[in-house]
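Protein chains: 2
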Amino acid sequence: MNTTADLIEALRGVLGDPGLITDPGAMAGYVEEQRGLYRGNAPAVARPASTDEVARVVKLCADAGVGIVPLGGNTGLVGGGIADGQVVLSLERMNKILDVDPVNATMTVEAGAILADIQAAADAADAYFPLSLGAEGSCRIGGNLSTNAGGVHVVRYGAARDLVLGLEVVLADGRVWDGLTALRKNNTGYNLKALFLGAEGTLGVITRAVLRLFPKPRAKAVALAGCGSFDDALQLLHAAQRLAGDALMACEAMNGFSVELAEKHVAGAASPLEGRHECYVLLELGAADAKADLGALMEEVLTEAFEATAVEDAVIAQSGPQADGLWRLREAVPEAQKLEGGSIKHDVSVPVSKTPEFIRRASEAVQAMIPGVRVVAFGHLGDGNTHFNLTQPVDMDKQAFLERWHEVNARVHDVAAELGGSFSAEHGIGRLKTGEMARLKSAVELDLMRAVKNALDPLGIFNPGKVLPPRK
Amino acid sequence: MNTTADLIEALRGVLGDPGLITDPGAMAGYVEEQRGLYRGNAPAVARPASTDEVARVVKLCADAGVGIVPLGGNTGLVGGGIADGQVVLSLERMNKILDVDPVNATMTVEAGAILADIQAAADAADAYFPLSLGAEGSCRIGGNLSTNAGGVHVVRYGAARDLVLGLEVVLADGRVWDGLTALRKNNTGYNLKALFLGAEGTLGVITRAVLRLFPKPRAKAVALAGCGSFDDALQLLHAAQRLAGDALMACEAMNGFSVELAEKHVAGAASPLEGRHECYVLLELGAADAKADLGALMEEVLTEAFEATAVEDAVIAQSGPQADGLWRLREAVPEAQKLEGGSIKHDVSVPVSKTPEFIRRASEAVQAMIPGVRVVAFGHLGDGNTHFNLTQPVDMDKQAFLERWHEVNARVHDVAAELGGSFSAEHGIGRLKTGEMARLKSAVELDLMRAVKNALDPLGIFNPGKVLPPRK
């Protein structure tokens, strides 16, 4: 088989007409990044219906020397699923929930299953799958696992890779690795599963997964606290961990300007606190025991922090709708940014205890670069991940501001690195951050990753150009 | 450098006299497996005092074509740390706890730090490091991480690999990979850390680690329940997970004969229940909130199980010493076996819900092979790991019984495999189970592991003969 046309015919032979898209119009949704950052192209979009079809597609493409870009819900934020000339391999037709085992606390799913459907299936079985992010209505679990998605509950349950017991993966040579175990303990050789989780589709195509289920949190308490600084917010977090560590489900923070923007631009987003604060903290406690008095526990946490002068004011939600209202404020921040002009974004993490220092230093650094820039700092205080985003100065031209994106990114990433932090906490590398990989990762680490890539995908067919920078 | 003598002199140059042992008598403790299963040999035992010394030792050995066996506390149970002609690289002098950060909830340690010391350091900082096993007074954290040690708290906190945020590792070419981050979220490329955790010293030498700390459980409740079967025990576990999931710290089970042996042979081991039961379950709840009424929660769990006729009788410990007494019964079982004759051991795991079926089928299989064999089934019901051990028939010759070891192992491992289980839940492969790797692992999986091994250690200097079976 010598040409792309030959490959496409061979793919059609395996997948049938429903399983293959070649019309450019119909392919648009599969090759365009959701925020317009990348517009890719592909000779075809393959939509296999089974692991066997995935394996055959991989083999055909490998034999033809054509690369493959695995794709879930196309909700990624770093262009990791955008092809430039490779065949797009969409998992969308493999969207079934195969098994729910409440006694073993596991769920077996196909990689194209939508996250919200997985959450619902767990709920219906009186259990809980804790992965929760903004895109959950359309993102697919294969993508979540390949990018090691985070979300709001990492402080309690870990990220996506911590929620998986087993995987089935199609390898670069078209063979299928059946690592689909439901075991909690298995020390028989290397942790191969861990390689594929977070590999962003560059080492293999995840086709199935065994997910962990958790006890459903039947008791909940949500509070919003106003603090005088991020240092104080950290003290509140520490009190929550010490007094209520097992019940802490989320600890989100927002700086004053974030809340201001949210209230300004998003209907229904409002702080119930009377005054303004430097930093707002949303705390959520949850427990399997429906009778757990989490309201009292929350009260205790806030009181201790109040007496240490770490909290200026606070409100504990007294009802479900009130709790929802507090979360709505937090969820409104990303949206509010769009309506306030140009926004330069970061997804950094630092050791939790370094968050205040990071925000301080990074804010100084960007003010020096672009006087009048406005800091929108919000995120997952509980796990050290801050979305340190910058809204343009009021009177600056939006384009001129956005043209500073990479220069500002580099400076902020350097500040994070100085504090032992990461330039990509949860979104991954994709193609957006390969430059930072080359700039900030040690030679030893890049060599190790390339060695692993060469071992598992010697022909480089899986998602070329993603994650690993080209050798210098 | 051409000879072993040359290598030894070069090592002495790097390590100094305190850092090198060559006297066979002095080396004995480093090359003999604790139960007498293996008696190895080595040209020397290197005892480096720093990561730099480790790196230089690795480079010298690699250049000389001499293998290296990394060694912690020599408490392993599969011969993974026993050399046969390689240089033993003991981490014992690198035993410091370098940093404790309660706000970030992390601890940085050298790989030779003793587990009990790590537990104590966490406790002193009002925090908790949950890894807990029988050998904790002498095992070293590097060994625990390299073998992904399990212990009694896996049901709540996971195994060793889930307790680590970062590693420093010396690689096969003598370079040092500094992956020593304290971040909870970091999606910048492949999860290299995960490769070394559980690799049993065959991919690199762990020299430092950043460990996770947890809130100290200030409230605790311990109970012992008598059940009519392992199926009933499973129902009790399920009730505990549903009603008290966040508080469940341990769920251990013992069959009737285990308890009988423990009471017979070990002073101080006694069941507080009046009657005899097919299966005993030890439950432990823990919470960070000192005021949590775990006694009431335990009562609720046991009552629900009682009403479902899953529990025949139960006792909740009313004091610390009573709680210790319940644990002593469980801890007495391994010891009691030694005093009852020959014992053939297994370390299997199955999906939690399959435990009763596994015990049933495996018991039938071994009775057919050796009529009169007595099953001592105990272990971590909460995570699916059963130490399915067999005590010789009363009137059988001990040697004749032990000679059936491998044949019996194979049969029991097959039963576990039929139920989707593993032949090594927590102890690892070492050299004891490489035969089972060859027999039971798929060709695809072995190929993947060999590809990884070849990528990271192409000359095969790290722990040769361990984990991976020789190619057929």
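Chains A and B, in that order, are what the protein sequence lines are. Count the first sequence with the numbering used here and you get residues 1 to 472, in order. Count the second sequence with the numbering used here and you get residues 1 to 472, in order. The C-beta atom is built at its ideal place from N, Cα and C for all residues, glycine as well. No experiment lies behind these values; they were computed from the predicted model shown.
### Message
On the DSSP letters alone, give me the boundaries of the beta strand (DSSP E) that residue 107 of chain A sits inside.
### Response
Secondary structure note for residue 107 of chain A: its beta strand (DSSP E) is the uninterrupted segment 106–110.
### Query
Between the Cα of residue 169 of chain A and the Cα atoms of A:23, A:436, A:91, which residue gives the shortest distance?
For the residues A:23, A:436, A:91, the minimum Cα distance to residue 169 of chain A belongs to A:91.
### Message
Taking 8 Å as the threshold (beta carbon to beta carbon), is residue 426 of chain A in contact with chain B?
### Response
Yes - at least one Cβ of chain B is within 8 Å of the one on residue 426 of chain A.
### Message
Contact criterion: CB-CB distance below 8 Å. Does residue 420 of chain A meet it with respect to chain B?
### Response
Yes, residue 420 of chain A lies at the interface with chain B (some Cβ there is under 8 Å from its Cβ).
### Task
Could you tell me whether the Cβ of residue 396 of chain A comes closer than 8 Å to any Cβ of chain B?
No, residue 396 of chain A does not count as interfacial toward chain B.
### For residue 4 of chain B and residue 83 of chain B, the rounded distance between their alpha carbons
Between the C-alpha atoms of residue 83 of chain B and residue 4 of chain B there is a straight-line separation of about 15 Å.
#### Entry: Check whether residue 253 of chain B and residue 379 of chain B have beta carbons under 8 Å apart
For the 8 Å CB-CB criterion, residue 253 of chain B and residue 379 of chain B form a contact.
### Query
Can you give the Cα-Cα distance for residue 284 of chain B and residue 217 of chain B, rounded to whole angstroms?
A straight line joining the alpha-carbon of residue 284 of chain B with that of residue 217 of chain B spans about 11 Å.
### Query
For the segment 151–228 of chain A, which segments carrying the beta strand (DSSP E) assignment without a break, of at least 3 residues, lie completely within its bounds, in sequence order?
Whole beta strand (DSSP E) segments, 3+ residues: 164–170, 176–179, 205–212, 219–227.
### Query
How should residue 406 of chain A be labelled, buried or exposed, when 16 other C-beta atoms within 10 angstroms of its C-beta is the threshold for buried?
Exposed, because fewer than 16 other Cβ atoms sit within 10 Å of the Cβ of residue 406 of chain A.
### Query
Is the CB-CB distance between residue 207 of chain B and residue 110 of chain B below 8 Å?
In this structure, residue 207 of chain B lies near residue 110 of chain B, with their beta-carbon atoms less than 8 Å apart.
### Message
Taking 8 Å as the threshold (beta carbon to beta carbon), is residue 454 of chain A in contact with chain B?
### Response
Chain B, which has a Cβ nearer than 8 Å to the Cβ of residue 454 of chain A, makes this yes.
### Query
Is there at least one Cβ from chain B nearer than 8 Å to residue 185 of chain A's Cβ?
At least one chain B Cβ lies under 8 Å of residue 185 of chain A.
### Query
For the alpha helix (DSSP H) that residue 386 of chain B lies in, which residues bound it at each end?
Per DSSP, residue 386 of chain B belongs to no alpha helix (DSSP H); it is in the beta strand (DSSP E), 385–391.
#### Entry: Those residues which DSSP pairs with residue 70 of chain B across a bridge
Per DSSP, B:89.
### Query
Buried or exposed: residue 319 of chain A, going by 16 or more other Cβ atoms within 10 Å of its Cβ?
Classification of residue 319 of chain A: exposed, given that the 10 Å Cβ count is below 16.
### C-alpha distance - residue 153 of chain A paired with residue 144 of chain A, whole-angstrom precision
Going by the C-alpha atoms only, they are around 14 Å apart.
### Query
Leaving out five residues before and five after residue 155 of chain A in sequence, what residues of the same chain have Cβ atoms less than 8 Å from its Cβ?
The beta carbon of residue 155 of chain A is closer than 8 Å to those of 248, 249, 250, 251, 380, 382, 383 in its chain, skipping five residues each way along the sequence.
### Task
To the nearest angstrom, report how far apart residue 219 of chain B and residue 133 of chain B are at their CA atoms.
C-alpha separation (whole angstroms): 21 Å.
### Message
If you follow the beta strand (DSSP E) that residue 232 of chain A is in, where does it begin and where does it stop?
### Response
Careful: residue 232 of chain A lies outside any beta strand (DSSP E), inside the alpha helix (DSSP H) at 230–244.
### residue 271 of chain B, buried or exposed, once every other Cβ within 10 Å from all chains shown has been counted against 16
A residue is called buried once 16 or more other Cβ atoms fall within 10 Å of its Cβ, and residue 271 of chain B is buried on that count.
### Query
Taking the Cβ atom as the reference point for each residue, do residue 456 of chain A and residue 171 of chain A lie within a distance shorter than 8 Å?
Closer than 8 Å, so yes.
### Task
Starting from residue 252 of chain A, follow its DSSP beta bridges and name the residues at the other end.
The partner list for residue 252 of chain A (beta bridge, DSSP) reads A:282.
### Query
Which bits of chain B does residue 109 of chain A rub up against, with CB to CB less than 9 Å?
Scanning chain B for C-beta atoms nearer than 9 Å to the C-beta of residue 109 of chain A yields nothing, as the closest lies near 16 Å away.
### Task
Report the neighbours of residue 449 of chain A on chain B: residues whose CB is nearer than 8 Å to its CB, in chain order.
In chain order: 189, 190, 192.
### Task
Go through its chain and collect everything with a Cβ distance to residue 316 of chain A's Cβ below 8 Å, but skip five positions before and after it.
Result list for residue 316 of chain A: 221, 222, 223, 295, 298, 299, 302, in chain order.
### chain E within 8 Å of residue 141 of chain B, Cβ atoms only
Absent from the structure is chain E; the protein chains it does hold are A and B.
### Message
Quick check on the DSSP output: the beta strand (DSSP E) that includes residue 98 of chain A runs from which residue to which?
### Response
Annotation: the continuous beta strand (DSSP E) that includes residue 98 of chain A extends over 97–101.
### Task
Kindly identify the DSSP beta-bridge partner or partners of residue 375 of chain A.
According to DSSP, residue 375 of chain A bridges with A:390.
### Query
With respect to the beta strand (DSSP E) encompassing residue 313 of chain B, which residues constitute its N-terminal and C-terminal limits?
Residue 313 of chain B -> beta strand (DSSP E) spans 313–316.
### Message
Looking at residue 215 of chain A: is its Cβ nearer than 8 Å to the Cβ of residue 128 of chain A?
### Response
In this structure, residue 215 of chain A sits near residue 128 of chain A, with a CB-CB distance shorter than 8 Å.
### Task
Check the Cβ-Cβ distances between residue 351 of chain A and every residue of chain B, and say whether any is below 8 Å.
For residue 351 of chain A, the closest Cβ of chain B is nearer than 8 Å.
### Task
Classify residue 469 of chain B as buried or exposed, calling it buried when 16 or more other Cβ atoms lie within 10 Å of its own Cβ.
Residue 469 of chain B is buried by the Cβ-count criterion.
### Message
Please give me, in chain order, every unbroken run of the alpha helix (DSSP H) with length at least 4 that falls completely inside the segment 300–357 of chain A.
### Response
The qualifying runs are 320–338.
### Query
Taking buried to mean at least 16 other C-beta atoms within 10 Å of its own C-beta, is residue 50 of chain A buried or exposed?
Around the C-beta of residue 50 of chain A, fewer than 16 other C-beta atoms lie within 10 Å, and the residue is accordingly described as exposed.
### According to DSSP, residues forming a beta bridge with residue 404 of chain B
Paired residue(s): none; residue 404 of chain B is not in a bridge.
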